[in-house]
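For reference, the structure discussed in these notes is given below.
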Amino acid sequence: MIDKIFSCILLSTIIGLFGSCNTDKANQTNSYAESPLFLLIDGKDSGIDFINTSKETPNRHFGYYEYFYNGSGVAIGDINNDGLQDVFFAGNDTPNALYLNEGDLTFKNISKKAGIVSDNWSTGVTMVDINQDGLLDIYVCNSGPDAVDALLANQLYINNGDETFTESAAAYGIADISFSSQAVFFDYDKDNDLDLLVVNHSDVKYGKGIQGWEKSLSEKSEAEYKKSCNTLFRNNGNNTFTDITKEAGLFRPGFGLGVSISDFDENGFLDIYISNDYFVPDFLFFNVGNGTFKEGIQARTAHTSFYAMGCDAADINNDGLIDISVVDMTPADHYRNKTLMESMDVDRFNYLVNNRQIIPQYMYNTLSVNRGRGIFSEVAHLSGVAQTDWSWATLLADLDNDMQKDMYVTNGFKRDIKDNDWRIDFIERKKKDGIDAEIYFEELKKANSLPIPNYGFKNNGKLSFANKTEDWGLQTPSFSNGAAYGDLDNDGDLDLVVNNLEDVAFVYQNTTSEKEEHHFIQFELTNPTAPNSVLNAQVKIYAGGQTQLVEYQFVRGYYSSMQPLAHFGLGANTKVDKAEILWTDGTVTTLQNPSINKKHTVDKSQSKSTVATTQPPKPYFMDAISRAKEVTYKHTENNFDDFNKEILLPHKQAALGPAIAVGDVNGDSFDDFYVGGALGQPAQLYTQSNVEGFVRSVQPSFINDAKYEDTGALFFDADADGDLDLYVASGGGGDVATNKKLLQDRLYLNDGFGNFSKNSNALPEITSSTMNVTANDWDGDGDLDLFVAGRTTPGNYPVAPQSYLLVNEKGIFKNKTKTLAPQLEWAGMITSSCWTDINKDGRKDLLVVGEWMGIKAFINTQTGFKDQSKALGLSETTGWWYSIVAADFDKDGDEDVLVGNVGLNNKFHPSTEKPLHIFANDFDDNGTQDIVLSKLYKGKLTPVRGKECSTQQMPYLQERFPSYSDFASSTLVEIYSQEKLDQALHYQATTFASLYLENNGDHFAISELPVEAQLSPINDMTVFDFDKDGNLDVVLGGNMYGTEVETPAYDAGKGLFLQGNGDGTFTSIFEVNKSGVYMPNDVKNLELIFISTEKRPAILVANNNSALQLLAWIR
């Protein structure tokens, strides 16, 4: 049992100002300045002594019911209209309880008098005025190990107005007998009454696997099958409801644990987000507006959490769009992560994603930022909230009144049944002694039972959160489940109530208002003639140059319901310019200069409202590929599993195409384009004409060379005959490791009319997998020479391949790298390059970037190229770079540089102080190279990957480290030996941020690109003054879908339009519907192309394993 600390003792410990608990109010107020943000109020002081329990017996425990330790929720609301918020706790093996707020954060248990005590296993709780009599009623969800309909039936407690309630669920027709998690009331059909969605979870065990689970479900009767599905009840308008789940399109089984309601796609109708546990992906049901929903999560985001628990939806970045937070169960601590985290099942992942076409799911929290119209980018790793251990509730609210919504996460699981060593011991015991109720229970009790702290994250703005758990006083370990926030003491900040398993509930007093540093404003919405018409209204305030949005919807987090209140922090601002209430009927009420530091009650029936009007934004670009009807090309990646041999490879190396190149190949003044093929797929050429648009040009030489993988391409005049010839780089990963002939690059000569033939004698032997090719007449002889970048050594990551400086000697290219730039020949896994005159000496210099490389600058001298990276300030730039472009962005007469990295939205977060390391060696002496990624943990290098996959790569580790605990507690030296590590190829990355390099002549000044450009890898960039304001703009694209399955794909990129400001800074047009830039696929290359007779600028987009896009400027 966790020790409780009286609030007065807590204050005296922290501040050292109190001699007893009788300290007067004045002294107490002064002490708050140095106290944590939250003070834990002892149950003896608050009167809240609720302890939720789950009583285990040999025949009643986790083995029979997998949600035995999932706990219960809490609801906050004023049940007697006295202006004070009361608290309802749901209980599992503890009866539900209702506490009446008596002021000064003291409460009285009125459960028995209220008539809400029951023997059910209760889970979620919702407060709502279901009969619109002005009193809050209570809807309780039930589930549990006792699968008896009478105990499963949900309960509706109608408020009698005298602090008593009458259970009436059956009378209303909503006594759902499924395995219910939570319920939410909302008007889905806009008929001015509240309908009801009950989120349920399947009782069929996850351990059966998806096929076994589906088979078991199919064998159930319809009535029993229905218990695994969510239920939608339509309000009939006469205090009765009708089950319309099937008609509405919601009838599908799942493991629903959380629910959020909002109009995510902004079509005027409320949508549904349901977080599902296990292999069933989360549901995002879009409200069509005709009484039905359409599930569409896969079209709106790229991945979800696997063990999705609770969820919340709110605007975290103050852009007026609703974002979504979902929590999972992955520990941040290295030791706990390596002992408790279940390894991703590769076969299951591939089956779900490839065979079943289900959205990828990863064992991390997700934070999905709305890019407009319900299109989301998942940014939990960027934001610093991806790993919070076994989490339940996530709540988004402004806890410190600084104008930014913070995040509170509850944590803890009663028994560590995911401990890998415990599971192994359990399996061995089962093999030895068989399994019965007593043995299972005996083994179950051996599982560790360790309470852990909850998390408090401060929103720093710019999609960044900081862990403030200890600073905010939230570090008490617990098994916490449901949580709710509300202003319990009416002082203008949000207090917290948490339902704990096997311990007294937490009541946290928020001291923000007592600190007197930040202001606030609150709104309570009413409508005496139709009280429920105010739900799901949007409240906006305009203050301090920012717009904040809070939705009037209170089922949030996990199993819980918040105080009906729209709360806003104002920071130091002393004025609110205006507030707007956007009602669900399409009208808006505007309040000019509302007073701050108070709660405003807005009566819809008495407020002046006007019809809300919004003009849809006019985008800058549109995808015009559908108008190019003959462009039917789709890149089709060959099926090759890079991870079969290179198990610890961080991401695939065999899926780097397609290449594209743009140029006028037939001399008619129209841009044409080439697109390369995958291994075994012919490349294609499309020519553009005024009459027909783009037309496919059949090229026999391309068909004959379909055996190559085309990873890079460049149109240039190789033979100085006045037309554009074509260089194609050949690449690949482990799929070409045993056939070096497929690595030979190719040169195709143009006959002047757009017909290409291969010249097999023009190029030297190329033995690297190449990709990037750039041209420059560096020797000043009037023809174009080439730099050809070595991208990979197939099947041997991260060994640097050979790169090539090819001197053009009358159309024959000679490799002069050893003579001209010996430091460049084996510089690394180069991904991109550009030519620019860095020092303004009239000669263009070469910039190259790559994986595990710094940004390299080779200065063009009269005798060759010299590496001047360090002198130019580029020595601390090692990253995973994928693109580089040079242009004069600040209009000072020299060219600056944009460099695209993998971005900040990943699990590694390297820095100069804590780099990400890679070691490559034959650690197990079996004749093959092994890869080890490593990071610092408590000052020592430790492996990034876990025991299971490391052992698959190097089986000898199983003998040396038989337990997961041994592996997790060992350093890299202890696992692999200092000798082997010293012998290994060793790189380290110190930054993953994409950068802007301002050219100051003798050095580059380095700054990070805007945070919106850090969401995913930047694989390519297009630079052009699209809006003709004299400033260069940038369109960037990226993503990387080929990560190993324990690392979430780098898939948050949708493309981004950066409007140049002319001073080296950029304005991000982040919303997709405003920019018109939408590139959600695995973007590999972008090329500027001018279309039609008006030479309209457009961007040709090459997507791996997908179709082309053509983003045309339409302003």
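Its first residue numbered 49, the sequence shown is counted upward by one per residue in my numbering.
We put the beta carbon where it would ideally sit given N, CA and C, even for glycine.
None of these values were measured; they are calculated from a predicted model.
- Query: Anyone know if the C-beta pair for Leu597 and Gly921 falls short of 8 Å?
  - Reply: The sequence position of residue 597 within the sequence shown is 549, counting from 1. The sequence position of residue 921 within the sequence shown is 873, counting from 1. Taking 8 Å as the Cβ cut-off, Leu597 and Gly921 do not qualify as a contacting pair.
- Close beta carbons around Ala1150, own chain, < 6 Å, minus the five adjacent residues each side: On the sequence shown, residue 1150 is found 1102 positions in, with the first residue counted as 1. In chain order, Pro706, Ile708, Lys1132, Asn1133 place their CB closer than 6 Å to the CB of Ala1150, counting only its own chain and leaving out the 5 sequence neighbours on each side.
- Item | Rounded distance between the beta-carbons of Leu242 and Ile178, thought under 8 Å | Counting from 1 along the sequence shown, the entry for residue 178 is found at position 130. Counting from 1 along the sequence shown, the entry for residue 242 is found at position 194. In this structure Ile178 touches Leu242 by the C-beta definition: roughly 7 Å separates them, less than 8 Å.
- Query: Would the beta-carbon of Gly859 fall within 8 Å of that of Asp720?
  - Reply: Numbered from its first residue, the sequence shown carries residue 859 at position 811. Numbered from its first residue, the sequence shown carries residue 720 at position 672. At the C-beta level, Gly859 and Asp720 stay beyond 8 Å of one another.
- Item | Glu564 classed as buried or exposed, judged by whether at least 16 other C-beta atoms fall within 10 angstroms | Position 516 of the sequence shown, counting from 1, holds the residue named residue 564. Counting C-beta atoms within 10 angstroms of its own C-beta, Glu564 has fewer than 16 neighbours from the protein chains shown and is therefore classed as exposed.
- Under the three-state DSSP convention, the category Val582 falls into: Sequence index remark: in the sequence shown, residue 582 carries index 534 (1-based). For Val582, the three-state secondary structure derived from DSSP is helix.
- For Tyr590, count neighbouring Cβ atoms within 10 angstroms of its own Cβ and tell me buried if that reaches 16, exposed if not. Walking along the sequence shown from the start, residue 590 turns up at place 542. Classification for Tyr590: exposed.
- Query: Among the residues of its own chain, which have a CB less than 7 Å from the CB of Thr649, if the five just before and after it don't count?
  - Reply: What you label residue 649 is simply residue 601 of the sequence shown in a count that begins at 1. Same-chain partners within the cutoff: Glu572, Thr574.
- Excluding the five sequence neighbours on either side, which residues of its own chain have a C-beta within less than 8 Å of the C-beta of Phe303, listed in chain order? Taking the sequence shown and counting its residues from 1, one reaches residue 303 at position 255. His249, Ser250, Tyr254, Asn324, Asp325, Tyr326, Val328, listed in sequence order.
- Message: By the three-class DSSP mapping on this structure, what secondary structure does Glu390 have?
- Response: Locating residue 390 in the sequence shown gives position 342, counting from the first residue. If DSSP states are grouped into helix, strand and coil, Glu390 belongs with coil.
- Query: Ala162 lies in the alpha helix (DSSP H); which residues open and close that run?
  - Reply: Here the question's residue 162 lines up with position 114 in the sequence shown. 159–162 is the extent of the alpha helix (DSSP H) around Ala162.
- Item | His567 vs Asn449 beta-carbon contact at 8 Å | The sequence position of residue 567 within the sequence shown is 519, counting from 1. The sequence position of residue 449 within the sequence shown is 401, counting from 1. Going by C-beta atoms, His567 is nearer than 8 Å to Asn449.
- Count the other C-beta atoms from every protein chain shown that fall within 10 angstroms of the C-beta of Val739, then say buried if there are 16 or more, exposed otherwise. By one-based count along the sequence shown, residue 739 stands at place 691. It is exposed - the Cβ of Val739 has fewer than 16 other Cβ atoms within 10 Å.
- Task: Rounded to whole angstroms, what's the CA-CA distance from Asn1152 to Ala905? Just pull it up for me.
- Result: Along the sequence shown, read from residue 1 onward, the residue named residue 1152 stands at position 1104. Along the sequence shown, read from residue 1 onward, the residue named residue 905 stands at position 857. Going by C-alpha positions, Asn1152 is about 30 Å away from Ala905.
- Got a sec? Which residues, its chain only, sit under 8 Å from Lys626 by beta carbon, not counting five neighbours each side? By 1-based counting over the sequence shown, the position of residue 626 is 578. Answer for Lys626: Ile589, Tyr590, Thr638, Leu639, Gln640, Asn641, Pro642, listed in chain order.
- Message: I'd like to check one pair, Gly432 with Ser512: are the Cβ atoms closer than 8 Å?
- Response: On the sequence shown, residue 512 is found 464 positions in, with the first residue counted as 1. On the sequence shown, residue 432 is found 384 positions in, with the first residue counted as 1. Contact: yes.
- Thr925 to Asn949 span [Cα, whole Å]: Position 877 of the sequence shown, counted from the start, is the residue given in the question as residue 925. Position 901 of the sequence shown, counted from the start, is the residue given in the question as residue 949. Straight-line Cα distance between these residues: approximately 10 Å.
- Item | Leu1158 - DSSP class collapsed to helix/strand/coil | Your numbering for residue 1158 matches position 1110 in the sequence shown. Reduced to three states, the DSSP call for Leu1158 is strand.
- Item | N-terminal and C-terminal residue of the alpha helix (DSSP H) that Cys997 is part of | Indexing the sequence shown from 1 puts residue 997 at position 949. That run of the alpha helix (DSSP H) goes 995–1001.
- Trp169, DSSP secondary structure in three states: To locate residue 169, count along the sequence shown from 1; it is residue 121. DSSP places Trp169 in the strand class (E or B) of the three-state scheme.
- To the nearest angstrom, report how far apart Gly111 and Phe688 are at their CA atoms. Along the sequence shown, read from residue 1 onward, the residue named residue 111 stands at position 63. Along the sequence shown, read from residue 1 onward, the residue named residue 688 stands at position 640. Phe688 has its alpha-carbon roughly 40 Å from the corresponding atom of Gly111.
- Message: My parser needs the alpha helix (DSSP H) runs of 4 or more residues fully inside the region 382–445; what are they?
- Response: As for any alpha helix (DSSP H) of minimum length 4 sitting wholly inside the region 382–445, the runs are 382–388, 394–398, 428–431, ordered along the chain.
- Message: Please give me, in chain order, every unbroken run of the alpha helix (DSSP H) with length at least 4 that falls completely inside the region 744–780.
- Response: When DSSP assignments are scanned along the region 744–780, the uninterrupted stretches of alpha helix (DSSP H) that are 4 or more residues long and fall wholly within it turn out to be 748–752.
- Message: Helix, strand or coil, according to DSSP, for Gly534 in the structure here?
- Response: Counting from 1 along the sequence shown, the entry for residue 534 is found at position 486. Here Gly534 sits in strand by DSSP.
- Can you tell me where the alpha helix (DSSP H) with Asp870 in it begins and where it stops? The residue labelled residue 870 in the question sits at position 822 within the sequence shown. The displayed chain sequence assigns Pro, not Asp, to residue 870. Boundaries of the alpha helix (DSSP H) harbouring Pro870: 870–873, taken from the DSSP string.
- Query: What are the start and end residues of each continuous beta strand (DSSP E) run of 3 or more residues lying completely inside the region 1048–1129, in chain order?
  - Reply: Whole beta strand (DSSP E) segments, 3+ residues: 1052–1056, 1066–1072, 1081–1086, 1104–1108, 1114–1117.
- Task: Apply the 10 Å Cβ neighbour rule to Asp773 and answer buried if 16 or more other Cβ atoms are within range, or exposed otherwise.
- Result: The count along the sequence shown starts at 1 and reaches residue 773 at position 725. The Cβ neighbour count for Asp773, taken over all protein chains shown within 10 Å, is at least 16; the residue is labelled buried.
- Beta carbon of Lys121 nearer than 8 Å to that of Ala138: As a position in the sequence shown, residue 121 is number 73, starting the count at 1. As a position in the sequence shown, residue 138 is number 90, starting the count at 1. Lys is not the amino acid found at residue 121; the sequence shown has Gly there. Yes, these two residues count as a Cβ contact at 8 Å.
- Message: Alpha carbons only, please: which of Glu82, Met175, Asp152, Leu153 is nearest the one belonging to Asp126?
- Response: Residue 126 sits at position 78 when you count from the first residue of the sequence shown. With distances taken between Cα atoms, Asp126 lies closest to Met175.
- Message: Going by beta-carbon coordinates alone, are Ala445 and His615 separated by less than 8 Å?
- Response: On the sequence shown, residue 445 is found 397 positions in, with the first residue counted as 1. On the sequence shown, residue 615 is found 567 positions in, with the first residue counted as 1. A contact, by the Cβ cut-off of 8 Å.
- With a CB to CB cut of under 7 Å and the five nearest residues on each side skipped, what residues in its chain are close to Lys914? Numbered from 1 along the sequence shown, position 866 holds the residue referred to as residue 914. Here the set comprises Phe906, Ile907.
- Query: By Cβ distance below 6 Å, which residues in the same chain neighbour Ala350 in space, the five residues on each side in sequence not counted?
  - Reply: Translated into the one-based positions of the sequence shown, residue 350 becomes position 302. Closer than 6 Å at Cβ, skipping near neighbours: Asp1099.
- Anyone know if the C-beta pair for Ala531 and Val552 falls short of 8 Å? In the sequence shown, residue 531 corresponds to position 483, counting from 1. In the sequence shown, residue 552 corresponds to position 504, counting from 1. Note that the C-beta distance between Ala531 and Val552 is not below 8 Å.
- Query: So Tyr796 is in the alpha helix (DSSP H); what residue range does that whole segment cover?
  - Reply: Sequence index remark: in the sequence shown, residue 796 carries index 748 (1-based). First-last for Tyr796: 794–798, but that is the beta strand (DSSP E), not the alpha helix (DSSP H).
- Message: Do Asp381 and Ser353 have their beta-carbon atoms positioned less than 8 Å apart in this structure?
- Response: Working through the sequence shown from its first residue, we reach residue 353 at position 305. Working through the sequence shown from its first residue, we reach residue 381 at position 333. Contact: no.
- Item | Sequence-distant residues of the same chain with beta carbon closer than 7 Å to Cys882, five excluded per side | Here the question's residue 882 lines up with position 834 in the sequence shown. Once the five neighbours on either side are set aside, the close Cβ partners of Cys882 are Thr822, Leu895, Ile932, Val933, Ala934.
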